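> The structure is given below, and queries will be raised subsequently.
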Amino acid sequence: MRSDTRWYFDHNATTPIAPVTREAVSLAMEDAWANPSSLHQDGQRARRCFEEARAQVARFLGCSPKEIVFTSGGTEAANLAVLGGVRASTRRDRHVLTTAIEHPAVLEACAQLEREGVAVTYLQPSRQGVIGPEQFRRHLTKDTVLASVMHANNETGAVQEIAAMAAMAREAGVLFHSDGVQAAGKLAFSPVSAGVDFYSVSAHKLNAPKGCGALYARTGTVLAPLLHGGRQERGRRAGTESVTLAAALGAAVAMERPDVTPLRDRLEQGLLARIPGAHVNAGQAARLPNTTNVAFDGIAAESLVIALDLRGFSVSTGAACSSGSTEPSHVLLAMGLSPEQARSSVRFSLGLGNTAEQVDLLLEAAAEAVARLRALSPAHSEVVR
Amino acid sequence: MSAPQHSPDERELIAVAMSGGVDSSTVAALLHRDGHAVAGMTMQLWNQRRLPEIAVEGATGRCCSLDDVYDARWVAGQLGIPYYVVNFEDRFEQSVVRPFVEEYLAGRTPVPCTLCNQFVKFDRFLEMAEGVGARRMATGHYARISWDEPSGRWLMLRAVDETKDQTYFLWGLTQEQLSRTLFPLGHMRKSEVRDLARELEVPTAEKNDSQEICFVPNGDYAAFLEAYLREQGREAPAGQGELVSTDGHVLARHCGVHHFTVGQRKGLGVSAPEPLYVIATDPAARRVTVGSNEELLRATFHAREINWISIAGPDAAVRAGVRIRNKHIPAAATIEPAGQGRARITFDEPQRAVTPGQAAVFYAGDLVLGGGWIE
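First to last, the protein sequences are chains A and B.
The first sequence begins at 1 in my numbering and counts up one residue at a time.
The second sequence begins at 1001 in my numbering and counts up one residue at a time.
See below:
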């Protein structure tokens, strides 16, 4: 029953390393191992490699290289924007506007700000996982310093109207951050043309290694740094730069990516056609082309994920607690799903390497596993039959 | 139930319930060494961040602590077997914690481990395991299971290591559950298990054994009870009441019936020439009755929800050794069926502290005949 071959459908969690990023890492390790802040020519070679990576990320986001801050990952990028953006404000009464469906990188940073005396409003999404721009505007106050709305949700793939909200924020004199960790590389987008002030991206969601991310910070914005100990990144991020990882991110964003929309649709339609009592969460929303989040009535998603894993398929429930066990997703609960519906939801996310054949194998395995789980749960058979 | 296949073949996936301790780690290592396909699973049963007011700093051996999950995952990683943490918190609270609390409030002394075995470990876990493709599970319990061809029944026997025997907590298992369960350690002494763990290079070989009831820090039931009721927004357990002698004299005041259990000697708050013991508790009257050791002796009691394991439910009286506490030495008794899953049990010699809420487990030598709850 167990399988040694693996089929990976969890690209929103992380992605496999692409050959071009592996090559970039290897090249940078050979050629650009020196400290880019050093005066000598070894250091200069590292600096050139590092700045080339910065230029690639800037081209990708349509901004100036000076507006890119390399970080240790998406979490640090989002923390730097939210904490750094608010802490740089000297106003007495400070308010932050965000949403209930953010990644913990933003939610926990906001919780930290609350402990520092900042007021925070968490907007509730619609049943489709969407925040309405008018709803956003209504909650801007005279004290609002910063707003943070994720570009695309990691669990449902629902895409928010970032440009509309960024314009409202700008009009109100409010800084606007968007967590672009899931959207980057999947949607054609420039934070500059969208009028966003801060935009976070992560390397490991883009077929590059973990340990690297970048924050777009519009020229003219001020950030209180999180790390102290050097003037790197124009004083916004202390610490000797990881040239190797930045080079990987640079190569990753420059890479051509296949459009996986047809594969995602094949999977989603296949699941709905083969499995009764299956519903797409946020199915009516504008969504990422690679993500589908499906609730299967009457089964524990945890069991389905394990059953598929033992057959060689990597999928996810999208939310795990510190021990690694499944908890009902805060995103799905915020959308108004019951805890039981949230616990029966599985996320499939596609990317580099997936094929139609793999999708068909997954469909076969998922249909069989759901039927098996339902057969074992007498309560469910009564409901469905 | 399909025709029973009495031992797993090598391709069959076995789910090992891994707590992070040495016993279950060794089970996983042993089955893996013997060529079985094995998946390790840890049950997340209770969120230790709940009830922070009774949390104990640095407590070890608590169920579901991050350290234990870390250890279990580490062992699975060393073995190269798949490993999962499965969340049964809801089931555990509903089937174990709530009944535990209600029993205490009703003046009885419950055995949560038995409920957990019956309704979580050998029920929800088995169901989940089958759902993911493992019809059998294995645990690190000290007990033996064997198939008896003549009677067509699964038998349960006491562990070879009498000091570790856990059959007192396993009497509720059904034939179906037994047919799908492996207890590889039942034939071994604890010292042999540790030796085997070292031989198999199990990283947790030297870890201390866990103690007490996993979700109650430091064994302080009263504090747990009070904190849980507060969290649930429920009334605190009945407070002060009278401590009376068996002839009705009021000896002292006490601070709540839930602090007392039948047979208890310490913490009564009265001095007397003879040692005094709790004989009975009455939550409704908030009364605790105390008396001498002799007054604790009882020859007859009733048990309910009887489950027969190694024999079919009898029509007539059965002779057995009956154990009324985990550390009690089984005493000779006659068990008479009383209808509706009840039985009347009469000891040959009266026994100390027959405690409502505890289990009575019936033995014939090493064989576990069955058991029930003391009324």
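Virtual Cβ for every residue (Gly too), placed ideally from N, Cα, C.
Computed from a prediction, not measured in an experiment: that's the story for all the values here.
(1) Hey, how far is the Cα of glutamine 284(A) from the Cα of glutamate 116(A)?
(2) At a CB-CB cut-off below 8 Å, which residues of chain B make contact with glutamate 327(A)?
(3) Could you work out which residue in Thr1042(B), Leu1079(B) and Pro1052(B) is closest to leucine 1066(B) when comparing CA atoms only?
(4) Can you find a CB in chain A that lies within less than 7 Å of the CB of threonine 1355(B)?
(5) From which residue to which residue does the alpha helix (DSSP H) around aspartate 1195(B) run?
(6) To the nearest angstrom, how far is it from the Cα of arginine 1194(B) to the Cα of threonine 1167(B)?
(7) Say whether chain A places a C-beta atom closer than 7 Å to the C-beta of tyrosine 1277(B).
(8) Between the Cα of threonine 1334(B) and those of His1328(B), His1302(B), Asn1326(B) and Ile1309(B), spot the shortest distance and give me the residue it belongs to.
(9) Please work out which residues of its chain come closer than 6 Å, Cβ to Cβ, to arginine 47(A), disregarding the five sequence neighbours upstream and downstream, and give them in chain order.
(10) Taking a Cβ distance cut-off of 7 Å, strictly less, list which residues of the segment 1075-1102 of chain B are near chain A, in chain order.
(11) Using a Cβ-Cβ cut-off of less than 8 Å, give me the residues of the segment 243-276 of chain A that come near chain B, in sequence order.
(12) Could you tell me the alpha carbon to alpha carbon distance between aspartate 259(A) and proline 289(A), rounded to whole angstroms?
(13) I'd like the ranges of any alpha helix (DSSP H) spanning at least 4 consecutive residues and lying wholly in the segment 1139-1195 of chain B.
(14) Using a Cβ cut-off of 8 Å, pull out every chain A residue sitting near glutamate 1127(B), in sequence order please.
(15) Using DSSP's beta-bridge definition, name the partner residues of glutamine 1340(B).
(16) So which of Asp1348(B), Ala1222(B) and Trp1308(B) has the shortest CA-CA distance to glutamate 1103(B)?
(17) Counting only C-beta atoms, is alanine 307(A) closer than 7 Å to chain B at any point?
(18) Could you tell me which chain A residues have their CB closer than 9 Å to the CB of glutamate 1053(B), listed as they occur along the chain?
(19) In chain A, which residues lie with their C-beta within 7 Å of the C-beta of alanine 1138(B)?
(20) DSSP on phenylalanine 1260(B), reduced to helix/strand/coil?
(21) May I have the straight-line CA-CA distance separating isoleucine 1145(B) from glutamate 1176(B), to the nearest angstrom?
(22) What are the start and end residues of the alpha helix (DSSP H) that includes isoleucine 101(A)?
(23) Please report the distance separating the alpha-carbon of serine 1002(B) from that of arginine 1180(B).
(24) Between Gln1351(B), Asn1117(B), Glu1336(B) and Thr1139(B), which has its C-alpha nearest leucine 1296(B)'s C-alpha?
(25) When you compare only the Cα positions, how much space is there between glycine 1061(B) and glycine 1020(B)?
(26) Indicate whether the contact test is met: 3 or more Cβ pairs, each with one atom in the segment 9-26 of chain A and one in the segment 194-205 of chain A, closer than 8 Å.
(27) In chain A, which residues lie with their C-beta within 7 Å of the C-beta of glutamate 1130(B)?
(28) Can you find a C-beta in chain A that's less than 7 Å from the C-beta of glycine 1061(B)?
(29) Is glycine 324(A) close to chain B? Criterion is C-beta to C-beta, closer than 7 Å.
(30) Can you give me the C-alpha to C-alpha distance between glutamate 161(A) and proline 1099(B), rounded to a whole angstrom?
(31) Excluding the 5 residues flanking methionine 1188(B) on each side, which residues of the same chain have their C-beta closer than 8 Å to its C-beta?
(32) Short check: CB of glutamate 1336(B) to CB of alanine 1317(B), under 7 Å?
(33) Let me know the alpha helix (DSSP H) ranges lying completely inside the segment 1016-1062 of chain B, each 4 residues or longer, listed in chain order.
(34) Check the DSSP bridge columns for methionine 1137(B) and list the partner residues they point to.
(35) When you compare only the Cα positions, how much space is there between valine 1085(B) and glycine 324(A)?
In terms of the structure at hand:
(1) Taking the first sequence and counting its residues from 1, one reaches residue 284(A) at position 284. Taking the first sequence and counting its residues from 1, one reaches residue 116(A) at position 116. Whole-angstrom Cα-Cα distance: 38 Å.
(2) As a position in the first sequence, residue 327(A) is number 327, starting the count at 1. Annotation: Cβ neighbours of glutamate 327(A) in chain B (cutoff 8 Å, chain order): Asn1087.
(3) Reading the second sequence from its first residue, position 66 is the one you call residue 1066(B). In this structure, Thr1042(B) is the residue among Thr1042(B), Leu1079(B) and Pro1052(B) with its C-alpha nearest to the C-alpha of leucine 1066(B).
(4) Working through the second sequence from its first residue, we reach residue 1355(B) at position 355. It does not: the Cβ of threonine 1355(B) has no partner Cβ on chain A nearer than 7 Å.
(5) Stepping through the second sequence from its first residue, residue 1195(B) is reached at position 195. Membership of aspartate 1195(B) in the alpha helix (DSSP H) is indicated by the continuous run 1190-1199.
(6) Here residue 1194(B) refers to the residue found at position 194 when the second sequence is read from its first residue. Here residue 1167(B) refers to the residue found at position 167 when the second sequence is read from its first residue. So the alpha carbons of these two residues sit roughly 21 Å apart.
(7) On the second sequence, residue 1277(B) is found 277 positions in, with the first residue counted as 1. Output row for tyrosine 1277(B): interface = no.
(8) By one-based count along the second sequence, residue 1334(B) stands at place 334. Per the Cα distances, His1302(B).
(9) The sequence position of residue 47(A) within the first sequence is 47, counting from 1. Beyond the five residues adjoining it in sequence on each side, arginine 47(A) comes within less than 6 Å, by CB distance, of Pro36 in the same chain, given in chain order.
(10) Against chain A - using a Cβ distance shorter than 7 Å - the residues of the segment 1075-1102 of chain B are Pro1082, Tyr1084, Val1085, Val1086 and Asn1087.
(11) In summary, no residue of the segment 243-276 of chain A has a CB separated from any CB of chain B by less than 8 Å.
(12) For the purposes of this step, residue 259(A) is taken as residue 259 along the first sequence, with counting starting at 1. For the purposes of this step, residue 289(A) is taken as residue 289 along the first sequence, with counting starting at 1. Whole-angstrom Cα-Cα distance: 8 Å.
(13) As far as the segment 1139-1195 of chain B is concerned, its whole alpha helix (DSSP H) runs of at least 4 residues are 1175-1179.
(14) Here residue 1127(B) refers to the residue found at position 127 of the second sequence. Result: Leu376 and Ser377.
(15) As a working mapping, residue 1340(B) is identified with position 340 in the second sequence. The partner list for glutamine 1340(B) (beta bridge, DSSP) is empty, contrary to what the question assumes.
(16) Counted from its first residue, the second sequence places residue 1103(B) at position 103. Among Asp1348(B), Ala1222(B) and Trp1308(B), the Cα nearest to that of glutamate 1103(B) is on Ala1222(B).
(17) Residue numbering aside, residue 307(A) sits at position 307 when the first sequence is read from its first letter. It does; some Cβ of chain B falls within 7 Å.
(18) Position 53 of the second sequence, counted from the start, is the residue given in the question as residue 1053(B). Result: empty, since nearest Cβ-Cβ is about 21 Å, beyond 9 Å.
(19) Taking the second sequence and counting its residues from 1, the one referred to as residue 1138(B) is at position 138. Result: empty, since nearest Cβ-Cβ is about 16 Å, beyond 7 Å.
(20) Taking the second sequence and counting its residues from 1, the one referred to as residue 1260(B) is at position 260. Coil at phenylalanine 1260(B), not helix or strand.
(21) Your numbering for residue 1145(B) matches position 145 in the second sequence. Your numbering for residue 1176(B) matches position 176 in the second sequence. If I take the Cα positions, the gap works out to 12 Å.
(22) Counting from 1 along the first sequence, the entry for residue 101(A) is found at position 101. Annotation for isoleucine 101(A): no alpha helix (DSSP H) segment contains it, and DSSP assigns it neither H nor E.
(23) In the second sequence, the residue the question calls residue 1002(B) occupies position 2. In the second sequence, the residue the question calls residue 1180(B) occupies position 180. At serine 1002(B) the pLDDT is 42, less than 50, meaning the model places this residue with poor confidence and gives no usable figure here.
(24) Within the second sequence, residue 1296(B) is the residue found at index 296, counting from 1. Taking the Cα of leucine 1296(B) as reference, the smallest distance to any Cα among Gln1351(B), Asn1117(B), Glu1336(B) and Thr1139(B) is reached at Gln1351(B).
(25) In the second sequence, the residue the question calls residue 1061(B) occupies position 61. In the second sequence, the residue the question calls residue 1020(B) occupies position 20. Residue confidence is low: glycine 1061(B) scores 48 on pLDDT, short of 50, so the model does not pin down where it sits. No coordinate-derived value is stated.
(26) By the criterion of at least three beta-carbon pairs nearer than 8 Å, the segment 9-26 of chain A is in contact with the segment 194-205 of chain A.
(27) Indexing the second sequence from 1 puts residue 1130(B) at position 130. By Cβ distance, chain A contributes Leu376.
(28) The count along the second sequence starts at 1 and reaches residue 1061(B) at position 61. With a pLDDT of 48 at glycine 1061(B), under the threshold of 50, the modelled position of that residue is not reliable, and no figure is offered here.
(29) Taking the first sequence and counting its residues from 1, the one referred to as residue 324(A) is at position 324. By this cut-off, glycine 324(A) is an interface position.
(30) Residue 161(A) sits at position 161 when you count from the first residue of the first sequence. Residue 1099(B) sits at position 99 when you count from the first residue of the second sequence. Cα to Cα, glutamate 161(A) sits roughly 50 Å from proline 1099(B).
(31) Numbered from its first residue, the second sequence carries residue 1188(B) at position 188. Apart from the 5 residues on each side of it in sequence, methionine 1188(B) sits with its Cβ closer than 8 Å to the Cβ of Val1160, Asp1161 and Leu1196 in its chain, given in chain order.
(32) Taking the first residue of the second sequence as 1, we reach residue 1336(B) at position 336. Taking the first residue of the second sequence as 1, we reach residue 1317(B) at position 317. Cβ distance < 7 Å, so glutamate 1336(B) and alanine 1317(B) count as in contact.
(33) Within the segment 1016-1062 of chain B, the alpha helix (DSSP H) runs of at least 4 residues that lie entirely inside it are, in chain order, 1022-1033.
(34) Start at 1 with the first residue of the second sequence, and residue 1137(B) comes out as number 137. Answer is Ala1015(B) and Thr1181(B), bridged to methionine 1137(B).
(35) Here residue 1085(B) refers to the residue found at position 85 of the second sequence. Here residue 324(A) refers to the residue found at position 324 of the first sequence. One Cα belongs to valine 1085(B), the other to glycine 324(A), and the distance between them is close to 6 Å.
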